[in-house]
Every structure is written in structure tokens, then in C-alpha cells.
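Chains as they are written, first to last, in this note's numbering: chain F, 6 to 164; chain L, 8 to 805.
We treat Cβ as the ideally placed atom computed from N, Cα and C, and that holds for glycine.
Quick caveat: nothing in here was measured; it's all calculated off a predicted structure.
Have a look at the structure below, then the notes.
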Amino acid sequence: MDATVSFTLNGKNVSAETTGATLLVDLLRNHFGLTGAHVGCDTSQCGACVIHVDGVSVKSCTMLAAQADGCTVETIEGLAANGELHPVQQAFHEHHALQCGFCTPGMIMSAVDLLRRNPRPSEVEVRDWLEGNMCRCTGYHNIVKAVRAAAVAMGEEAS
Amino acid sequence: MSGDMGIGVSAPRTEDRRFITGRGRYVDDINLRTQQYAWFVRSPHPHAEVRGLDAADALKMPGVTAVLTGADMQADDIGSLPVAWGITSRDGSPAVEPAYPALATDRVRYVGNPVAVVVAETRTQARDAAEMVNVDYEELESVSSATAAMEEGAPLIHEGAPGNTCFDWEWLPAAMAPDARSNTDKAFDEAAHVVSLELVNNRLVPNAMEPRASLADFNPATGQLTLYTTSQNPHVNRLLLCTATLKMPEHKVRVVAPDVGGGFGSKIYHYAEELTVCWASRRLGVPVKWTAERSESFLADAQGRDHVTRVELALDAEAHFTGMRVDTVANLGGWLSAFGPAIPTVFYAPLLAGVYRTPNIYVTVKGVFTNTTPTDAYRGAGRPEACYAVERAVDEAAVQIGMDPAELRRRNFIQPDEFPYQSPVGQLYDSGDFEGCLNLARELNAYERFDERRRQSQARGKLRGRGMCFYIEACGAAPSQAAGQLGARAGLYEVATVRVHPSGSVQVLTGSHSHGQSHETTFAQIVAERLGIDFGNVEIVHGDTGEIPFGMGTYGSRSLAVGGTALYKALDKVEEKGRKIAAHLLEAEAADIEFTDGQFRVAGTDRAVSFGDVALAAYVPHNYPLQELEPGLEETAFFDPENFTFPSGCYICEVEVDQNTGQVELCDFVAADDFGNIINPMVVEGQVHGGLAQGIGQALLEHCLYTPEGQLLSGSYMDYCMPRADDLPNFVVATRCTPTPFNPLGVKGCGEAGAIGAPPAVINAVLGALRPLGVRHIDMPATPQAVWQAIEAARSGE
Chain F
6 MDATVSFTLN
16 GKNVSAETTG
26 ATLLVDLLRN
36 HFGLTGAHVG
46 CDTSQCGACV
56 IHVDGVSVKS
66 CTMLAAQADG
76 CTVETIEGLA
86 ANGELHPVQQ
96 AFHEHHALQC
106 GFCTPGMIMS
116 AVDLLRRNPR
126 PSEVEVRDWL
136 EGNMCRCTGY
146 HNIVKAVRAA
156 AVAMGEEAS
Chain L
8 MSGDMGIGVS
18 APRTEDRRFI
28 TGRGRYVDDI
38 NLRTQQYAWF
48 VRSPHPHAEV
58 RGLDAADALK
68 MPGVTAVLTG
78 ADMQADDIGS
88 LPVAWGITSR
98 DGSPAVEPAY
108 PALATDRVRY
118 VGNPVAVVVA
128 ETRTQARDAA
138 EMVNVDYEEL
148 ESVSSATAAM
158 EEGAPLIHEG
168 APGNTCFDWE
178 WLPAAMAPDA
188 RSNTDKAFDE
198 AAHVVSLELV
208 NNRLVPNAME
218 PRASLADFNP
228 ATGQLTLYTT
238 SQNPHVNRLL
248 LCTATLKMPE
258 HKVRVVAPDV
268 GGGFGSKIYH
278 YAEELTVCWA
288 SRRLGVPVKW
298 TAERSESFLA
308 DAQGRDHVTR
318 VELALDAEAH
328 FTGMRVDTVA
338 NLGGWLSAFG
348 PAIPTVFYAP
358 LLAGVYRTPN
368 IYVTVKGVFT
378 NTTPTDAYRG
388 AGRPEACYAV
398 ERAVDEAAVQ
408 IGMDPAELRR
418 RNFIQPDEFP
428 YQSPVGQLYD
438 SGDFEGCLNL
448 ARELNAYERF
458 DERRRQSQAR
468 GKLRGRGMCF
478 YIEACGAAPS
488 QAAGQLGARA
498 GLYEVATVRV
508 HPSGSVQVLT
518 GSHSHGQSHE
528 TTFAQIVAER
538 LGIDFGNVEI
548 VHGDTGEIPF
558 GMGTYGSRSL
568 AVGGTALYKA
578 LDKVEEKGRK
588 IAAHLLEAEA
598 ADIEFTDGQF
608 RVAGTDRAVS
618 FGDVALAAYV
628 PHNYPLQELE
638 PGLEETAFFD
648 PENFTFPSGC
658 YICEVEVDQN
668 TGQVELCDFV
678 AADDFGNIIN
688 PMVVEGQVHG
698 GLAQGIGQAL
708 LEHCLYTPEG
718 QLLSGSYMDY
728 CMPRADDLPN
738 FVVATRCTPT
748 PFNPLGVKGC
758 GEAGAIGAPP
768 AVINAVLGAL
778 RPLGVRHIDM
788 PATPQAVWQA
798 IEAARSGE
């Protein structure tokens, strides 16, 4: 059951032939070569594949490519505008919120969505939101710190 | 001139940019034209005879190129997966090392044991076809626990291992042999107090977030094989591929471990899957790729821990430790992983003195085959098990004799003036300040105000407990000669090349491998500091046998102590040669040249040339002492340390327990570590955080569980409880520093500390909370269910 799927990907209109069973993460990785979204599990638990669809964070391993038809898709590769890091990316760098880097794209995309919904989350709120993103390296300490620092930086930027 | 990024600075990481922008390059991100995909047919049974295999239906499936079996492998003379460390039983016989074929030929011994591989044009086709391979299994009786496997009448897993015993080992290091046993028994006979505990160290799954993957590309025209694989040590894998399994000349094989998404030990080994894709690529003449699904990782990655231990501690009337006896049963799994026999023996027993002056220690360990996934090194590898035994026993002693656990520890500490300290279990401790760490941890914990906090918890209806742990561990494997005497079958040095470019920028080719450890930053800081050049002008190259000299890779917290020292020594050579070149340029004697801040200077004058000028002169040798010196500026050093390094530390944990639900909440976790000198404090803190999370995971959440027969129950993230952001507190971490004298940087190792020290600290805290209810014992993980059951059992007087 092949079908053409068309959507906006990091600001560009794209289309691709997919099978009915193709997962969005596989289309991004294998067809578009956007390998920033990672596959770390097979039960929709780890969150390494988180991207934004129509502005909302989703686990791209749990969505069929066909479901993205007509949507606006943003991946980690599209987050830094004109080479300038997003405040969440910058904060992850400054606060050593990543080690091996495998969970990082999903973690950042998830955090960006959190800050869109809740511009000044408490520590508990950050930990609660990131429950669907696993990291085995950092113990989350610096991730939480970075997300909260990014919130402050974005608040300053906006004011 | 090193700018602000020399040694001791929390430099933000060079490697971050690619990861935070999605430009990392992990194995599964690499694709080659014409590549095909492998999918493994794995045993669904813990123990079975393989009577036959029918691939006819699978071969008819669309896109299928081949179905290859263990028999095909045998026909191609592929060797079995090697054991890298030999252990000798106490009767002098070698450990039983059954041949472990990558694809089973006649018998499978754990669920997930590979039996065949399907190669197809797409991954989906390979997976679908794998389901059509008909394997005729005759199921056999099976057993998953090591203690059950030792019982009479237990199913026999390997013909050559009666009682399922791989080895029956005792530890008789030179410091105590041959009287270790009798002296220890005598200490117990004369003891004023004896503590005895039976402890289970729960089996864990390492769970690096990146699943293992391998992509093999054999070029039939050149005979060259390139393997991209998720490895912590690509040269070791190449060596084993070339000499033991695939049997190819080393110069024809290149192994690349690009960005690797965490390892924690699980990516050290030469696994069946990477061998199989290499062989399949060579046989079929196309690149072959395999990427594990997480479910496969649960079945096929080497697992950690799984000990049952009886530990006894003898004390005299003044509460001095006088003897310790440890008897451990270690579950090795269905076959031996590469270091499987070494982890519960030589990486375990030599740490059982802890930070204490216990004079007599006697250790026995039985290694047992079971129908489970093989076990091997996982973050800490033997030392967490040792630390848990010692620190649980010490805490129990404090309870039994009614003494403050900190005071009991203090009374038995090895003192700062006793270093280097020869422990009775064979380690020469380099340095430490245990009382200093204790005081630091107490201060950070506000130790004296615990009763106040306990009352506050009580007012909320919660039970508060505090637990303490002291760890000491051996990092920086290893002195190769000592390791060789203990059974190691490989050298354990490290290597670095410093390649200075004509314009003065520097590449370092290191045998250490970073899969999260931050070498691209910390190693560059060492170079910047030493050569006085800008941090941004240094690049660290690792992970590609086609680029780096023969190195041993990263495990056992060895990268800085061993790899960093190799780098340091290569920099010595660069500096020495630079001094000679500068002497020529400045028309002075080399002995009169000083090198500071990137300038070679004639001592006591303002005559100087910069490092960059010297580099240029080395490659454009128009004015150069060509009669005395070769042109160029590139130096290599190998470093084999004379001893391990011994980080140590004091951890204090506070928990609140809800006695109605059994829920344990971590309120406070303090870590006071001694890692010797520190290159990048921010990176070190990150390593500690990560280790603590894994140690806390072991203590409260994680458990790799099998049915008694060997079916894996915790085979996904739905069943295996990984620590998540909302399971953990913020950590309070601090360091003291006693530099090691055994390397010129004075550095120890920080990668595993947290995973070693956290479990006993947490469990001591949980028991501290529960003792008022009469609970005396709990095993890891202290899940709500386990805690609730312990409370109920105590209440009903069981």
C-alpha cells in the first residue's frame, strides 16, 4: 500500500513515497537523511526520537509517515535558526547536559515543547515532563539545570 | 596562551555542537550503497537441542539473499567467541571455557542465543523472513539462578562442567597466602562480635541508550574489510576478529567506532552479531548491516552483577575489624562472555578490604553456568559487588554493637600516613584521605541535624533513614604484567600520537575511546595546557583503527589515567624535540631553553620563538639541524602504568519511606569523592551524576528478572525499570584531592564511582528508615513491593 506523503519539513515542502507501514522516524532517517532523531527502543518509552509535528512534541517512532501528510514537521536539525543555537541547545552545551549525545535531540525537542507550554517550569515540573525521555549518562541533574536555565534565558530574550 | 581552557577549567565540550544539532554520526546513521540487512533468528528456549533447521520457506520470501547457519560458519572455519581472561580454580584446574559459537550449532543455552542469520534487501524483509525459518528444537530442562544450578539434580548445561561449575576459586594474594584462610578463621574464633549477612546483588541490564549496531563492508576486489561498530575498543575487536574468529590479516581489516551512544561495559566485547555481519559480508560480497532492536539488547547484550554472597565480619572488643570472610556465587550465564570469569574474581576480591585496615580476609567465589544471557563487566564491574558486601556488613556491625556508623568507619580507616598501603587482598592503594572525605560529606549533608529532619518527616507520616557508604575502587587497568599474572590474555597499556601540523595546530590520535566521556574536550585541555596553544587548535581523533595507533580502548575508568598519561608522555617528546629545534633557531644550547606559555625561551633572556614557529621550522626545515634531527613534529608514546589508581569517597543518602505504600523517596544524596587531580570539574561532576543514577537504579528500580527456567521477564522498557528524571533528586557532589603518585598527571578515574558507592548508601538508608519497624534486611531493588512486604513480614513477626 504505497502512498505519497507530503509535508513541511524544517520549513521546506517535501514529499516521499512510503509504504503504509513506514514509521515517521524511519522516513526521516532513511529517506531524508535526517539522522538526529534516534531509535532507542521499540516500546515508545525512551524518547530519543522526539520531534515536533504541528508544533507539538511527538515520538516519531510511534507515528506512521502517512500520518504526517499535510503537517508541519520540525526536527532537531531545523532547530538552530541560521546557525544560531536555540536557547535550549545553548543551555545544554553550557550546563553539560549531554554526554554520549544519543538521547540529546529528543531531550531537547521535548524540552522546547515544555517551555512553549510552561515558560517557567519548576524543577518538579521539568522532571515530570521529561519522564518520557530516558538518559543513561547524565543522571538528569544537568538536563534539569539546563532546561531551567534556558527558561530564564528565553524569558530575558522575550522581555 | 592555553587561553582559559587549560587543566582544571570547566571547559564546555567541543563535541557538543554535533550532538545538540542532530549531526552526530552513530553506526546506524551510516549507510552504504548496496547494503543489505541482517536479522538474527534467536532461540525462544532457555535450553534446547537444535535438531535441525529448515530455511526453505524463508528463502522464498521477497528480498531474501541468504539464510546462514552455524554449520555454514563451521564450514568457513569461523572461530568461536574468545574468552579474554583465564581463571584458575583452587584445585589448580583452569576454568571450564566451552567453545561459544556465534551461531549455535547443536545446542542453545539462553533465550536469545543466535541460531541463524537472514540477510535481505530491507530490514523488514529480513525480519519477516526470520520468522519463517523453522528451527527444530528439542527443549531441555533449564535453570536460571546460580544457586539452583549448583543443586544436585540441576540440569547440566555444559558437558564439561559438572555441577554447572565453571570455576571454584579462592583468592590467595601474596600478601596473605598461604595462611589467608587459617588466619581469617582464627580472627573469627577470637572475635568479640561477628556479623553475618547473605546478600543478593541483583542482575542488571546495562542499557546504553544507543542499541548495538554493526555495518560490515567487505570489498572482494581488495580483500579489505571495513566494520563500523558500536565499540568501546575498536582495536581489541579487530585483534579478536583477525586472530580468533574471522581470521583475516590485521592490515586488511579496519574497525571504526564512530559516535557511540554510551557503553557502560556492554560495548567492550567481540559479540556474535558483529562477527556474523563481517562474515556474511565477506561471503556474500555486499555490505551487511545489523541494528539491534531494544528487545534484542535485553536478550543479547552482556548483563551485569548477579551475585549471591555470604559476608562475615569479625570485630574485637574495641570495634576494630579483625577479619572478613566472603563466599560468593556468581551467575555467568549460558556461555562465557569475554571477561565473564574475571569480573566476579580478580575485579572483585582485591577490593574487599574497602577503606579499612582489616588484616585478614579470605574470599571464595564459585562461577556457575545458568540458562541466562552471559554476564560481564557493567559500570563498576566487580567493584560495586565488593563495595556492597563490605559496606552492608560494616553498617550491620554498627547496628549490632550500637555505634554510630560514621564513627565505626573512622575507627577502622587506613590513615593518610599509611600510603602506599598494602591491603591484605593484594592491592597497593596509592593515596587517600578517608577522614577528609567523611568530614566533607558530613558537612554537605548537615549530618548533625539529621534528627531534626527525621522529626519533620515523621510529622508528615514518613519514615526517614540515612545511609552511608565508603568506596574505594581500582581504576586505570592495568599494569599489564600484573594483569597477565592474574590471567589477562591482552596487554592493557594505552597509546597516543601527537601530530603537530606545520601551522602549529595539533591532532591527537588516541587509543582511548569516548562514548560520552568527553575526551575531545579534556584531552584537548591537556594539550592546550602543555603546549600553550589555543584549545580550539587541538583535535582529538579516536575510534578508527585506520587512523589511530594500536590502542586498548575505554573501560574501567582508564582513559585519563592511562590514555591521558600516554598523551602526556607524547607531549613530553614533542616538547623535547621542540626544545632542540628552538635551540638551533635561537643559536643556544638546548639545555638553556625553557618552554612556558607556548614560548621556547633562552633562560634569563627575552630571546624566544613561539611553538608555532618551531612547528613550521620542523616542516619547512630551511634553517634546521638536519644532521642531528629528523624533520617533522609528531610523537607517539605508549604508557603501561606500574599500578592501578584508587579513587575513593564517602556517599551519604537520605530517604523517606511511606510505610503504607512502600514507596522510597530519595531526599538527599551527597557524594564526596577523591579522584586525584581533575582536568575538567564539570565533566567529572557529570560522570559522578551518571554513575549515581545507575547505582540508585540498581538499589531502587532495576532488576533483570528471569523465570526459574530462564525466560526473561524484564525484556523491555515496559518491564525493566530504568531511572527517569522524576525518580532522581538533584545531587550534591564535591571532591577532595590526593593525587596518585602512579601517573604524572596525578589523576585517578571517575567514571564508575557513583555506580559503585550508591547502592549500599541507598540500601543502608532504606534499612535505617525501616529498622524502627523491625525490618532487618532487604535486597535490591528496594521497590515499593519489596519494602511493603518487608514491613508486613516484620509486623507479623516473620
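Can you tell which of the options has its C-alpha closest to the C-alpha of residue i?
i	options	result
A215/L	S617/L, F602/L, E300/L, H784/L	E300/L
G77/L	V71/L, D113/L, H54/L, A91/L	D113/L
I555/L	H520/L, A741/L, G31/L	H520/L
E325/L	N419/L, I785/L, A349/L	N419/L
A793/L	P767/L, N750/L, G753/L, A706/L	A706/L
F47/L	G474/L, S149/L, V545/L, L282/L	L282/L
V502/L	A168/L, F530/L, R778/L	F530/L
I785/L	V695/L, L206/L, G70/L	L206/L
F738/L	H52/L, D681/L, Y658/L, A800/L	Y658/L
A127/L	W176/L, G99/L, L75/L	L75/L
P116/L	A187/L, N338/L, T380/L	For clarity, residue 116/L is Arg in the given sequence; the question names Pro instead. Per the Cα distances, T380/L.
V61/F	A73/F, D118/F, A155/F, A163/F	D118/F
A279/L	A307/L, G269/L, R210/L	A307/L
A161/L	A168/L, N190/L, S149/L	S149/L
On the premise that residue j lies in contact with residue i, defined as a C-beta separation below 8 angstroms, what is that separation, rounded to the nearest angstrom?
i	j	result
G341/L	N378/L	6 angstroms
G389/L	F426/L	Actually they do not touch by this definition, with Cβ atoms about 23 angstroms apart.
A732/L	V93/F	With 8 angstroms as the limit, A732/L and V93/F do not qualify as a contact, their Cβ atoms being about 15 angstroms apart.
G272/L	Y562/L	6 angstroms
Buried or exposed for residue i, please, with buried defined as at least 16 other CB atoms from any protein chain shown within 10 angstroms of its CB.
i	result
H526/L	buried
T41/L	exposed
R808/L	For residue 808/L there is no data in the structure shown, the boundaries of chain L being 8 and 805.
P412/L	buried
E480/L	buried
K296/L	buried
K254/L	exposed
N38/L	exposed
L623/L	buried
Which class does residue i belong to by DSSP, given the choice of helix, strand or coil?
i	result
G693/L	helix
S238/L	coil
P162/L	coil
L60/L	strand
T747/L	coil
H314/L	strand
M331/L	strand
K469/L	coil
E455/L	helix
L75/L	strand
S49/F	coil
S665/L	Checking the sequence shown, residue 665/L turns out to be Asp, not Ser. Coil at D665/L, not helix or strand.
A495/L	strand
M8/L	Note that M8/L scores 43 on pLDDT, short of 50, meaning its location in the model is unreliable; the coordinates nonetheless yield the value given after this. If DSSP states are grouped into helix, strand and coil, M8/L belongs with coil.
C482/L	strand
E300/L	coil
Y724/L	coil
Y395/L	helix
**Request:** For the segment 91-110 of chain F, enumerate the residues whose C-beta is nearer than 7 angstroms to any C-beta of chain L, in chain order.
**Result:** Q94, F97, H98, E99, H101, L103, Q104, C105, G106, F107, C108, T109, P110
**Asked** For the segment 225-237 of chain L, which residues have a beta carbon sitting closer than 8 angstroms to at least one beta carbon of chain F?
**Response** none
**Request:** Give the residues from the segment 43-77 of chain F that approach chain L closer than 8 angstroms (Cβ to any Cβ), ordered along the chain.
**Result:** H43, V44, G45, C46, D47, T48, Q50, C51, A53
**Contact list for the segment 735-757 of chain L against chain F, Cβ threshold 8 angstroms** = L735, N737, F738
**Asked** Going along the chain, which residues of the segment 711-727 of chain L sit with their C-beta nearer than 8 angstroms to a C-beta in chain F?
**Response** S723, Y724, M725
**Request:** Give, in chain order, every residue of the segment 693-704 of chain L whose Cβ lies closer than 7 angstroms to some Cβ of chain F.
**Result:** G693, H696, G697, L699, A700
**Message:** What are the residues in the segment 15-38 of chain F lying within 7 angstroms of chain L by C-beta distance?
**Reply:** none
**Item:** Chain-ordered residues of the segment 137-154 of chain F with a beta carbon less than 9 angstroms from chain L
**Value:** G137, N138, M139, C140, R141, C142, T143, G144, Y145, H146, N147, I148, V149, K150
**Item:** chain L contacts from the segment 122-133 of chain F (Cβ-Cβ distance under 9 angstroms)
**Value:** E128, V129, V131, R132, D133
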